[in-house]
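A.B. asks: Here you go, one structure.
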Amino acid sequence: TDLPALLRTMPKAELHVHIEGTLEPELIFALAERNGITLKYDGVEALRAAYAFTDLQSFLDIYYAGASVLLKEEDFFDMAMAYFRRAADDHIVHAELFFDPQTHTARGVDIGVVIRGLSRALDTARQDFGISGALILCFLRHLSEEDAFATLEQALPYRQHFIGVGLDSSEQGNPPEKFARVFARCRELGLHLVAHAGEEGPASYVRDALDLLHVERIDHGVRSIDDADLMHRLATKRVPLTVCPLSNQKLQVYPDLRDHSLAKLLAAGLCVTINSDDPAYFGGYLNTNFLATFEALPELRANHAWQLAANSFEASFVDAATRTRWL
Ligand code: ADE
Ligand code: ZN
Numbered sequence: 008t009d010l011p012a013l014l015r016t017m018p019k020a021e022l023h024v025h026i027e028g029t030l031e032p033e034l035i036f037a038l039a040e041r042n043g044i045t046l047k048y049d050g051v052e053a054l055r056a057a058y059a060f061t062d063l064q065s066f067l068d069i070y071y072a073g074a075s076v077l078l079k080e081e082d083f084f085d086m087a088m089a090y091f092r093r094a095a096d097d098h099i100v101h102a103e104l105f106f107d108p109q110t111h112t113a114r115g116v117d118i119g120v121v122i123r124g125l126s127r128a129l130d131t132a133r134q135d136f137g138i139s140g141a142l143i144l145c146f147l148r149h150l151s152e153e154d155a156f157a158t159l160e161q162a163l164p165y166r167q168h169f170i171g172v173g174l175d176s177s178e179q180g181n182p183p184e185k186f187a188r189v190f191a192r193c194r195e196l197g198l199h200l201v202a203h204a205g206e207e208g209p210a211s212y213v214r215d216a217l218d219l220l221h222v223e224r225i226d227h228g229v230r231s232i233d234d235a236d237l238m239h240r241l242a243t244k245r246v247p248l249t250v251c252p253l254s255n256q257k258l259q260v261y262p263d264l265r266d267h268s269l270a271k272l273l274a275a276g277l278c279v280t281i282n283s284d285d286p287a288y289f290g291g292y293l294n295t296n297f298l299a300t301f302e303a304l305p306e307l308r309a310n311h312a313w314q315l316a317a318n319s320f321e322a323s324f325v326d327a328a329t330r331t332r333w334l
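The sequence shown lines up with residues 8 to 334 when you count with the UniProt record's numbering.
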């Protein structure tokens, strides 16, 4: 049997992709030109050459600089449509997209511009590619609780356009507890809750995301492997982990993919999924992540491929009827 062909063609859901992380250098320069913005990089090659990351923060600095070319509703639409074309190629049938409104509102871009552009792309992707999409609003954890509350307030007129909230950006020193009250409010509003935890930060941040934020999924969560009790809890409760192998490699969480914990997490019975995180920056979209992971971890076979695809649907926030149809 042809395992790479199975990985490429099996229907799958993507649950951890930052839409700003899908901005390819070519599109960054095209949007800069369209908007009359001058970048500090000389061209596509110079920008790509700067994609040599030592840790999460070294990536975030470049990622926020790249996002600075996004000004108009059309820019957000074009960015998301470029992602959906790639997603269709990768046989993704459902995608839950993170977006970082504070990256844009801090530059004077209205949150409505962001959400309308993305939301229109979701509608178009459903029509053109048959892909169902949903938006998850992420709070930047390096900013204050107050800023997060203000962002939630600005987003509420667009409540029907997003299904949940997440927490991203610099993890170390910005623990889950900093956002306990904002997440409590979001929970009252009936929003789905997720958070990045245990990417660079310790396993205790995963535990705190569950206990203090009441999240339904953990984004990354790979450091959970350090805590046997937590592993048992994640397995028995089927708390999904949205793991991003190429991201972990590029940000030096696992500099060698052959050391990645994914196979061990799966073997321990966790609901592990594979995702691309910021594919324009980390060397590939979802199928590239699947192919690289299965090549680096030869214990992964066809049954694991099916398990990962099934997990992606189980972990998704689609309605129960759709989930059952996919599974
Ligand atoms: N924002 C975009 N990608 C991220 C990641 N991998 N971790 C934290 N914040 C992010
Ligand atoms: Zn992420």
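All residues carry an ideal CB built from backbone N, CA and C; glycine is no exception. Just so you know, these numbers come straight off a predicted model, no measurement behind them.
So what does DSSP say about Ala59, is it helix, strand or coil?
C.D. replies: For the purposes of this step, residue 59 is taken as the residue at position 52 of the sequence shown. Note: Ala59 maps to coil in three-state DSSP.
A.B. asks: For Ser268, is the beta carbon positioned less than 7 Å from some heavy atom of the ligand ADE?
C.D. replies: On the sequence shown, residue 268 is found 261 positions in, with the first residue counted as 1. Checking every heavy atom of the ligand ADE against the Cβ of Ser268, none is found closer than 7 Å.
A.B. asks: Do Asn296 and Leu253 have their beta-carbon atoms positioned less than 8 Å apart in this structure?
C.D. replies: Position 246 of the sequence shown, counting from 1, holds the residue named residue 253. Position 289 of the sequence shown, counting from 1, holds the residue named residue 296. Result yes, Cβ atoms of Leu253 and Asn296 sit closer than 8 Å.
A.B. asks: Give the residues whose C-beta lies closer than 6 Å to at least one heavy atom of the ligand NAP, in chain order.
C.D. replies: This structure lacks the ligand NAP; its bound ligands are the ligand ADE and the ligand ZN.
A.B. asks: Taking the beta strand (DSSP E) that His156 falls in, what are its first and last residues?
C.D. replies: Along the sequence shown, one-based indexing puts residue 156 at 149. Sequence inspection shows Phe at residue 156; the His mentioned does not correspond to that position. Counting along the chain, Phe156 falls outside any beta strand (DSSP E), though it belongs to the alpha helix (DSSP H) covering Glu152 to Ala162.
A.B. asks: Once DSSP output is grouped into helix, strand and coil, what is the label at Glu103?
C.D. replies: Indexing the sequence shown from 1 puts residue 103 at position 96. The answer is strand: DSSP assigns Glu103 an E or B state.
A.B. asks: Distance check for Ser211 and His203, CA to CA, integer angstroms please.
C.D. replies: Translated into the one-based positions of the sequence shown, residue 203 becomes position 196. Translated into the one-based positions of the sequence shown, residue 211 becomes position 204. For His203 and Ser211, the distance between alpha carbons rounds to 12 Å.
A.B. asks: Excluding the 5 residues flanking Asp234 on each side, which residues of the same chain have their C-beta closer than 7 Å to its C-beta?
C.D. replies: What you label residue 234 is simply residue 227 of the sequence shown in a count that begins at 1. The answer, listed in chain order, is Ala210.
A.B. asks: Near Glu80, which residues of its chain fall below 6 Å by C-beta distance, leaving aside the five closest residues on each side in sequence?
C.D. replies: Taking the sequence shown and counting its residues from 1, the one referred to as residue 80 is at position 73. These residues qualify, in order along the chain: Val120, Arg123 and Gly124.
A.B. asks: Less than 8 Å separating the beta-carbons of Ala312 and Leu14?
C.D. replies: Counted from its first residue, the sequence shown places residue 312 at position 305. Counted from its first residue, the sequence shown places residue 14 at position 7. Yes.
A.B. asks: Would you mind working out which of Asp62, Glu321 and Arg308 sits nearest Pro11, comparing C-alpha positions?
C.D. replies: Here residue 11 is taken as the residue at index 4 of the sequence shown, counted from 1. It is Arg308.
A.B. asks: Along the beta strand (DSSP E) that carries Lys47, what are the first and last residues, could you check?
C.D. replies: Counting from 1 along the sequence shown, the entry for residue 47 is found at position 40. Looking at the DSSP string, Lys47 is not in any beta strand (DSSP E), and its letter there is neither H nor E.
A.B. asks: Closer than 8 Å is the cut-off here; do at least three beta carbon pairs connect the stretch 219-238 with the stretch 183-198?
C.D. replies: Enough Cβ pairs lie closer than 8 Å, so yes.
A.B. asks: Assuming the contact rule is C-beta atoms closer than 8 Å, Ala275 and Glu306 should be a hit. Round their C-beta distance to whole Å, please.
C.D. replies: As a first step, residue 275 is located in the sequence shown; it is residue number 268 there, counting from the start. As a first step, residue 306 is located in the sequence shown; it is residue number 299 there, counting from the start. The pair is not a contact, with the Cβ atoms about 13 Å apart (cut-off 8 Å).
A.B. asks: Do Phe105 and Val24 have their CB atoms nearer than 8 Å?
C.D. replies: Counting from one through the sequence shown, the residue named residue 105 turns up at place 98. Counting from one through the sequence shown, the residue named residue 24 turns up at place 17. Yes. Within cutoff.
A.B. asks: To the nearest angstrom, how far is it from the Cα of Arg265 to the Cα of Ile170?
C.D. replies: The residue labelled residue 265 in the question sits at position 258 within the sequence shown. The residue labelled residue 170 in the question sits at position 163 within the sequence shown. In a straight line, the C-alpha of Arg265 is about 35 Å away from that of Ile170.
A.B. asks: Since Ala74 and Glu27 should fall inside the 8 Å C-beta cutoff, what is the C-beta to C-beta distance between them, to a whole number of angstroms?
C.D. replies: On the sequence shown, residue 74 is found 67 positions in, with the first residue counted as 1. On the sequence shown, residue 27 is found 20 positions in, with the first residue counted as 1. Sure, about 5 Å apart at Cβ, within 8 Å.
A.B. asks: Give me the residue from Pro108, Pro164, Leu198 and Asp96 with the minimum Cα distance to Tyr71.
C.D. replies: The residue labelled residue 71 in the question sits at position 64 within the sequence shown. Of the listed residues, the one whose Cα sits closest to Tyr71 is Pro108.
A.B. asks: Let's see if you can read the secondary structure: which residues bound the alpha helix (DSSP H) around Val120?
C.D. replies: Here residue 120 corresponds to residue number 113 of the sequence shown, with the count starting at 1. First-last of the alpha helix (DSSP H) with Val120: Ile118 to Phe136.
A.B. asks: Step through the CB atoms of chain D and report whether any lies within less than 8 Å of the CB of Thr329.
C.D. replies: The structure shown has no chain D; it contains just one protein chain.
A.B. asks: Let me check understanding here. Comparing Cα to Cα, which of Leu304, Leu237, Asp236 and Arg224 lies closest to residue 4?
C.D. replies: The question about residue 4 has no answer, for the chain in this structure spans 8 to 334.
A.B. asks: Can you find at least 3 beta carbon pairs, one from the stretch 191-205 and one from the stretch 160-178, that sit closer than 8 Å?
C.D. replies: Touching, yes.
A.B. asks: Using a Cβ-Cβ cutoff of less than 8 Å, which residues in the same chain neighbour Arg330 once the five nearest sequence positions on both sides are dropped?
C.D. replies: By 1-based counting over the sequence shown, the position of residue 330 is 323. If we look at Arg330 and ignore the five residues flanking it on each side, its Cβ neighbours are Phe320, Glu321 and Ser323.
A.B. asks: Opposite residue 1 in the DSSP bridges: which residues?
C.D. replies: The structure shown does not extend to residue 1, since the chain is modelled only from 8 to 334, so the question has no answer here.
A.B. asks: Taking Cβ to Cβ, would you say Asp117 is nearer than 8 Å to Cys145?
C.D. replies: Counting from 1 along the sequence shown, the entry for residue 117 is found at position 110. Counting from 1 along the sequence shown, the entry for residue 145 is found at position 138. It is not a contact, given that the beta carbons lie outside the stated cut-off.
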